[in-house]
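Report on one structure; see the data block that follows.
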Amino acid sequence: MCELFIKADAGQWQSRTHSLRIDGVATSIRIENAFWATLEEIGARDGMSVAQLITRLWHEAMDADHDLGNFTSFLRVCCARYHALIAAGEISADLTVPIAAHPAREILAREAARRLEREALHVN
1 MCELFIKADA
11 GQWQSRTHSL
21 RIDGVATSIR
31 IENAFWATLE
41 EIGARDGMSV
51 AQLITRLWHE
61 AMDADHDLGN
71 FTSFLRVCCA
81 RYHALIAAGE
91 ISADLTVPIA
101 AHPAREILAR
111 EAARRLEREA
121 LHVN
């Protein structure tokens, strides 16, 4: 089982730093190459650069009153959710279909329902 992970391209887990500006404030983000590739893919689907995507995620998370004390963790979770949503069939695997074209509220409602079902199974 572990061979699928151990023998994968080691470049995927090497970290890389990107510098960007969010609202004129210079910042840098250091995460693994696999996450940068996923952020590039997500952004490209909606016609954004990685810097534009990260800035938008920052603004929307702040507007939602999220605590972004560890923004790089937030970005990693966004990437993991992206792949999980594709695997679940909630987001199209077709990279020409923008993320914005998917019904976010409906997807979140289905996720919440599945979470409640799982919790109910664990209680019994």
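Residue numbers (the UniProt record's numbering): 1 to 124. From the three backbone atoms N, C-alpha and C, an ideal C-beta is built for every residue, glycine too.
With a minimum length of 3 residues, the unbroken runs of beta strand (DSSP E) contained wholly in the UniProt domain "Ribbon-helix-helix" (16 to 82) fall at 25 to 32. Residue 108 and residue 90 have their alpha carbons spaced roughly 10 Å apart. By the Cβ-count criterion, residue 118 is exposed, with fewer than 16 other Cβ atoms from all chains shown falling within 10 Å of its own Cβ.
Spanning the alpha carbons of residue 45 and residue 29 requires a straight line of approximately 21 Å. Distance from the CA atom of residue 85 to the CA atom of residue 1, rounded to whole angstroms, is 23 Å. Cβ contact annotation for residue 51 (same chain, cutoff 7 Å, sequence separation greater than five): 20, in chain order. It is roughly 7 Å from the alpha-carbon of residue 40 to the alpha-carbon of residue 49. Assignment of residue 104 by DSSP, reduced to helix, strand and coil, places it in the helix class. Counting along the chain, the unbroken alpha helix (DSSP H) around residue 4 starts and ends at 3 to 6.
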